[in-house]
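Below is one structure; the comments refer to it alone.
In the numbering used here, the protein residues as written are 4 to 726.
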């Protein structure tokens, strides 16, 4: 009976199981029919930014990239309706068809669309263009901005979306239209009168003119002779240096050797000098404020030897997000296009706590330094700073490329230093004399390092003088008269040119890098030893623009236009009126230039050799990377040769060819064998034609701070070079 019962139960269970299966299938079908939950769409500019933000917002959001602008003015024509209030004729950018198609598809399926491009004029314009393409209502509150890409900042920004700011859009639109009117009016004249492929622009023309004005000042410069006398003095066993100041308490110049000899004749070698005055002071050196775009570009150029474009590329990557441990991504710095030195209160508090804990209370400033904004600064964003001071460069190094690490270290240290106490230096000024001849000495010693513990301004060395007091007697032990000549003004570096443009109110944070890039790509200027030199082509173009369009290269006028653009952004000016005020007189200058500018024939310079292929004369041509030799029968004969300079040294590798000086695509000088590609010898440093007496390796000439040095690449031998 029990067995039967068990069997019966088993059958019943089995039957129950069988009848339950169809029910399970029904449940599956019901689940499949449920509509998918629509996600909120967020549109940014770059894939890396999209990746970082996507991790913060979670699964209910889909974050995609527009890959920059989606609409712009056409390249083939002016694209500005001058007769109809300068209305721009925007078209979809060629090559962006698939991106736009995908954005429209995503927007159609989305629960809501948010536009989260960068928080500046350019970003606002991108958001507006995307909204127009997707047929979004520009009055909707769908614009989201944040100054840093961190989880808290992004989530907080999405709590308060706003409308697209049309004042910002109009300011960007006015700049774009002005630049198009200038470029597409002057460029055709340059093409017709000089050569094809040239261009002109508002800011680039000012930059080019500044470089050429500096070059003219160098050419016009006449050096003047002057002399100095450096003396060595001794008190007891202590020696110190002092320099000639003047006579009888009055400063005097030494224009020539005759004046030097008169001074030296008055000095009695056996008699002592008397210390007339000793002034001791305590001097404070204040830290600099955190970086703005231009000061970051300048410092990166000076300290890291970064080109402006390279700086902005690394900064963009640091801002958009770096993947750290456990796959988390975070923006390491705040927005990198800013002219403000303002810092958020929470960042100040975090920095103060960090300084207290890591350096001590004495290093934390009670009132951190406030930077002075340049005239016309928009002050729309914070200064460039780390999003968290606790993410130190040492900890971040493992996640960063070499360039990212160098720039992050610079930004981090500058910000931390700005929140620290001043450096305190004890200074000592001494005047000493004998027979009416005055010498001065200055000494200094750091009493408290302050902010320099984190951020040094350059080579800082103590110059400690002996314990000198008024009335002390010291003995002169040597004098060193030296002849000098006044030097011409230095050519602009990238850092110096950016500083000059900013000081004159020309351009804005976003314009410096593309401006410098453009004048180099057009070969109007070239970088030689990190300094700008104008080319012949640049001088010809500048001459035409200065003569025919004087307002375009007028620094004051260009700065006024920038101020007008700022007023449009603030809602104080109408963009059409600003453009019209500029264009009316400009259009008359264009008309006059078309009639007055004579055609300039740029004849090719003969290279002094014949083509190895067809025998025709070779000529010197200008290319993107400088001059080169080409056959005069081009395009029938396409033979070209790099211009090389024989340095008079036999190739140390093959012993048959000569070492020649060449230039890389980045305009850097290197040395190679004239028999290339048969011989692949190459060196960044100049071989001198002698071998190392220790190991027989060829010697090279290296540039050092004080001139040149002959060294063995193996590091076993060196000798100094007398300049």
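In this text, a Cβ means the ideal position worked out from N, Cα and C, and glycines have one as well.
{"query": "Residue 298: buried (16+ other C-beta within 10 angstroms of its C-beta) or exposed?", "result": "buried"}
{"query": "Touch check for the region 272-289 and the region 432-450: three-plus C-beta pairs under 8 Å?", "result": "yes"}
{"query": "Skipping 5 residues on each side, what residues in its chain have a beta carbon closer than 8 Å to that of residue 103?", "result": "73, 95, 136"}
{"query": "When the distance is taken between beta carbons, is residue 346 closer than 8 Å to residue 293?", "result": "yes"}
{"query": "Pairs of beta-carbons, one from the region 241-258 and one from the region 562-578, closer than 8 Å: are there three or more?", "result": "no"}
{"query": "Go through the region 79-160 residue by residue and report every complete run of the alpha helix (DSSP H) that reaches 4 residues or more, in order.", "result": "100-112, 124-136"}
{"query": "Measure the CB-CB distance between residue 234 and residue 441 and report whether it falls below 8 Å.", "result": "no"}
{"query": "Flag this pair as yes or no: are the beta carbons of residue 196 and residue 600 separated by less than 8 Å?", "result": "yes"}
{"query": "Report the rounded CA-to-CA distance for residue 296 versus residue 341, giving the unit in angstroms.", "result": "5 Å"}
{"query": "By how many angstroms is the C-alpha of residue 107 removed from the C-alpha of residue 32?", "result": "With a pLDDT of 46 at residue 32, under the threshold of 50, the modelled position of this residue cannot be trusted; read the value that follows with caution. Cα-Cα distance, rounded: 31 Å."}
{"query": "If I follow the unbroken beta strand (DSSP E) through residue 246, where does it start and stop?", "result": "241-250"}
{"query": "What do you get for residue 535, buried or exposed, if any count of 16 or more other CB atoms within 10 angstroms of its CB means buried?", "result": "buried"}
{"query": "Are residue 148 and residue 160 close, meaning C-beta to C-beta below 8 Å?", "result": "yes"}
{"query": "How would you label residue 454, buried or exposed, when you count the other beta carbons within 10 angstroms and need 16 or more for buried?", "result": "buried"}
{"query": "Nearest-angstrom Cα distance between residue 635 and residue 256?", "result": "58 Å"}
{"query": "Measure how close the beta-carbons of residue 529 and residue 538 come, nearest whole angstrom, since I'm counting them as under 8 Å.", "result": "6 Å"}
{"query": "Which same chain residues end up closer than 8 Å to residue 19 when comparing Cβ atoms and leaving out the 5 residues on each side of it in sequence?", "result": "Because residue 19 sits at a pLDDT of 38, beneath the cut-off of 50, its placement in the model cannot be relied upon, and the point is left open."}
{"query": "On a CA-only basis, which of 587, 423, 558 is nearest residue 361? Give me that one, please.", "result": "423"}
{"query": "If I follow the unbroken beta strand (DSSP E) through residue 707, where does it start and stop?", "result": "701-707"}
{"query": "When the Cβ atoms of the region 199-210 are set against those of the region 546-559, are three or more pairs found closer than 8 Å?", "result": "yes"}
{"query": "DSSP state of residue 467, grouped into three classes?", "result": "coil"}
{"query": "If contacts are defined as beta-carbon pairs under 8 Å, then residue 527 and residue 510 qualify, I think. What distance do you get, rounded to the angstrom?", "result": "Not confirmed; about 16 Å, so no contact."}
{"query": "Return the residue from the list 118, 151, 348, 192 that minimises the CA-CA distance to residue 166.", "result": "118"}
{"query": "Could you check how far apart the C-beta atoms of residue 154 and residue 323 are, in whole angstroms? I think they sit under 8 Å.", "result": "Not a contact, Cβ separation roughly 14 Å."}
{"query": "Quick one: any contact between the region 49-66 and the region 76-86, if contact means 3 or more CB pairs under 8 Å?", "result": "no"}
{"query": "Buried or exposed: which applies to residue 609, given that a residue is buried once 16 or more other Cβ atoms fall within 10 Å of its Cβ?", "result": "exposed"}
{"query": "On a Cα-Cα basis, can you pick out the residue from 586, 596, 642 that is closest to residue 612?", "result": "642"}
{"query": "So the beta strand (DSSP E) residue 487 belongs to, where does it begin and stop?", "result": "476-488"}
{"query": "Are the beta-carbon atoms of residue 213 and residue 109 separated by less than 8 Å?", "result": "no"}
{"query": "From the DSSP output, which residues share a beta bridge with residue 236?", "result": "243, 479"}
{"query": "Using the beta-carbon count (16 or more within 10 Å), is residue 438 buried or exposed?", "result": "exposed"}
{"query": "Could you have a look at residue 594 and say whether DSSP puts it in helix, strand or coil?", "result": "helix"}
{"query": "Chain D beta carbons: is any one of them nearer than 8 Å to that of residue 85?", "result": "Included in the structure is just one protein chain, with no chain D present."}
{"query": "DSSP on residue 645, reduced to helix/strand/coil?", "result": "strand"}
{"query": "With burial defined as no fewer than 16 other Cβ atoms inside 10 Å of the residue's Cβ, what is the status of residue 488: buried or exposed?", "result": "exposed"}
{"query": "Quick check on DSSP: helix, strand or coil for residue 175?", "result": "helix"}
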